[in-house]
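In what follows, a structure is listed as structure tokens, so that the remarks can point back to it.
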């Protein structure tokens with residue numbers, strides 16, 4: 145895939161070998177990855193009321209990725 149890609153997983157899924165392999169393959173292919181410390185699956189990791197903790201670090205990562213895309217525009 146040639147399009148920029150940010151793959152995000154919650155920390156709770158990283159004990160799964162398949163999740164580890166997916167992130168390793170993405171990184172090997174030059175894509176960006178992020179493990180959300182308080183996350184849950186999918187976009188819910190960005191919704192404070194759906195996680196145990198603060199979503200600000202996850203939001204910062206997403207916004208940084210989007211900002212980089214805009215700069216490369």
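Numbering (my numbering), first residue to last: 145 to 217. We put the beta carbon where it would ideally sit given N, CA and C, even for glycine.
Tell me which residues share the same chain as residue 192 and place their Cβ nearer than 6 Å to its Cβ, disregarding the 5 neighbours each side in the sequence. Apart from the 5 residues on each side of it in sequence, residue 192 sits with its Cβ closer than 6 Å to the Cβ of 199 in its chain, given in chain order.
Starting from the Cα of residue 146, find the closest Cα among 160, 166, 154, 175 and give me that residue. Nearest option by C-alpha distance: 175.
Return the first residue and the last residue of the alpha helix (DSSP H) that residue 210 is part of. First-last of the alpha helix (DSSP H) with residue 210: 200-216.
Alpha-carbon to alpha-carbon, residue 148 and residue 213: When rounded, the distance between both Cα atoms is 8 Å.
So what does DSSP say about residue 180, is it helix, strand or coil? DSSP places residue 180 within a strand segment (E or B) once states are collapsed to three.
Quick one: Cα of residue 216 to Cα of residue 158, how far? Near 30 Å, if we compare the C-alpha coordinates of residue 158 and residue 216.
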